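Trainee: The structure that follows is given in the form of structure tokens.
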């Protein structure tokens, strides 16, 4: 799998730094802002780099590269005693150069606005009937354990179970340090291939479930006019709500301008259900807003890691081979039982996805030779 470490060792990276230096050495009046909307991750989409933060690291990098060159010359021409010292210094210098390159790359790869947000996760059974619902329940449990593993909060907003102990649909709120940053690539179709417990002839079936990840907005980033909401109450009913009762505790909220709907009947209290329904509605509206902005920026190219959409197959759980494969990065792990514990193995896949996303962002920034850079110099 390609990573940022691969990029910073490439000729493309060296060419990019030279272009960046040439722009940075120009007078402010000669630094032209690029037109917005040319592609993802590139500066030509209107991305602003703070040259005052980048240039010291580049200068330090150039100084270390000069030092390395001098040490290599000493290695060729020096005495036997100096050669041993030079070899040690060369190893140390090479490590420092790699760290400085990574530092420059990190300054270019900025966090998404929503990376610091909490999130709403929706889990829905797909193709496969009861087997799909059983699989959905297992994935739900996996993420719940992962939240515990990461010391995050895990608030069940809705949980609709099936007759055989599976899960039809659930909505949860997850919060904590880097929760959305880590889970944002989990959205999509998860596929399981195994012999169902109800299968008498031993045939392997394929079933699916879908995960949707919605960043939870702050109060400042999304304001909803109460006049735009239609709030309905009804009795909680049907297989699933943990507290089916005879009072009008279930709440359904419609955002009239967009038609977006949110429902909750998880709690006995109508007030609590309303609070949770509002929370989900806000996340749905915020996700729509972010999607529109993303489409404007990413109209020229979609990142290979995926669109995080509901219809995209992202991962397969093959029980016969005891294998979990993430199709976006081509990475497979064995021991499905361990993966579903929601601990180190799941975290390994998630971190690999984050690393690959950083790689794609950096490639997008440095690969266009015609890019002109917006350099922020004002205080």
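In the working numbering, the protein residues as written are 1253 to 1631.
Here a beta-carbon is modelled for each residue, glycine too, at the ideal position from N, C-alpha and C.
In this text the structure is predicted, and so the values were computed from the model without any measurement.
Per DSSP, what are the beta-bridge partners of residue 1406 in this structure?
Mentor: Locating residue 1406 in the chain shown gives position 154, where the first residue counts as 1. BP columns for residue 1406 point to 1426.
Trainee: Enumerate, from N- to C-terminal direction, the unbroken beta strand (DSSP E) stretches of 3 or more residues contained entirely within the region 1440-1471.
Mentor: Correct list: 1440-1446, 1457-1467.
Trainee: For the alpha helix (DSSP H) containing residue 1397, name the first residue and the last one.
Mentor: Translated into positions along the chain shown, residue 1397 becomes position 145. Start and end: 1381-1401.
Trainee: With a CB to CB cut of under 7 Å and the five nearest residues on each side skipped, what residues in its chain are close to residue 1480?
Mentor: Along the chain shown, read from residue 1 onward, the residue named residue 1480 stands at position 228. Hits under 7 Å: 1507, 1508, 1509.
Trainee: If you count every other CB in all the chains shown that lies within 10 Å of the CB of residue 1411, and 16 or more means buried, which is it?
Mentor: Taking the chain shown and counting its residues from 1, the one referred to as residue 1411 is at position 159. That one is buried.
Trainee: Taking the beta carbon of residue 1616 as the centre, do at least 16 other beta carbons fall within 10 Å, making it buried, or is it exposed?
Mentor: If you number the chain shown from 1, residue 1616 lands on position 364. The residue in question, residue 1616, is buried, as its Cβ has 16 or more Cβ neighbours within 10 Å.
Trainee: Using only CA atoms, which one of 1539, 1409, 1385, 1523 lies nearest to residue 1417?
Mentor: Residue 1417 sits at position 165 when you count from the first residue of the chain shown. For the residues 1539, 1409, 1385, 1523, the minimum Cα distance to residue 1417 belongs to 1385.
Trainee: Rounded to whole angstroms, what's the CA-CA distance from residue 1503 to residue 1525? Just pull it up for me.
Mentor: The residue you call residue 1503 lines up with position 251 of the chain shown. The residue you call residue 1525 lines up with position 273 of the chain shown. Residue 1503 and residue 1525: Cα-Cα distance of roughly 6 Å.
Trainee: Take residue 1255 and list the residues in its own chain whose beta-carbon comes closer than 6 Å to its own, dropping the five residues that flank it on each side.
Mentor: Counting from 1 along the chain shown, the entry for residue 1255 is found at position 3. Counting only Cβ-Cβ distances below 6 Å, and skipping sequence neighbours, we find 1607, 1611.
Trainee: Return helix, strand or coil for residue 1296, following the three-state DSSP convention.
Mentor: Position 44 of the chain shown, counted from the first residue, corresponds to residue 1296. Note that residue 1296 has pLDDT 38, beneath the 50 cutoff, so the model's placement of it is unreliable and the number below is only indicative. DSSP places residue 1296 in helix when its eight states are reduced to three.
Trainee: For a quick check, are the C-beta atoms of residue 1466 and residue 1530 less than 7 Å apart?
Mentor: Here residue 1466 refers to the residue found at position 214 of the chain shown. Here residue 1530 refers to the residue found at position 278 of the chain shown. No, the Cβ-Cβ distance between residue 1466 and residue 1530 is not below 7 Å.
Trainee: Taking the CB atoms as reference points, tell me whether residue 1478 and residue 1534 lie closer together than 7 Å.
Mentor: For the purposes of this step, residue 1478 is taken as the residue at position 226 of the chain shown. For the purposes of this step, residue 1534 is taken as the residue at position 282 of the chain shown. Going by C-beta atoms, residue 1478 is not nearer than 7 Å to residue 1534.
Trainee: Would the beta-carbon of residue 1405 fall within 7 Å of that of residue 1380?
Mentor: Your numbering for residue 1405 matches position 153 in the chain shown. Your numbering for residue 1380 matches position 128 in the chain shown. Their beta carbons are not under 7 Å apart, which means residue 1405 does not touch residue 1380 by this criterion.
Trainee: Would a C-beta distance cut-off of 7 Å place residue 1398 and residue 1598 closer than the cut-off?
Mentor: Here the question's residue 1398 lines up with position 146 in the chain shown. Here the question's residue 1598 lines up with position 346 in the chain shown. Result yes, Cβ atoms of residue 1398 and residue 1598 sit closer than 7 Å.
Trainee: Below 7 Å CB to CB, which residues in the same chain sit around residue 1341 once its five sequence neighbours on both sides are set aside?
Mentor: Taking the chain shown and counting its residues from 1, one reaches residue 1341 at position 89. So the qualifying residues of the chain are 1323.
Trainee: Taking residue 1440 as the reference, give the member of 1403, 1448, 1567, 1334 with the closest Cα.
Mentor: The residue you call residue 1440 lines up with position 188 of the chain shown. The shortest Cα separation from residue 1440 among 1403, 1448, 1567, 1334 belongs to 1567.
Trainee: Whose C-alpha, out of 1348, 1326, 1527, 1565, is nearest the C-alpha of residue 1313?
Mentor: Position 61 of the chain shown, counted from the first residue, corresponds to residue 1313. Out of 1348, 1326, 1527, 1565, 1348 has the C-alpha closest to the C-alpha of residue 1313.
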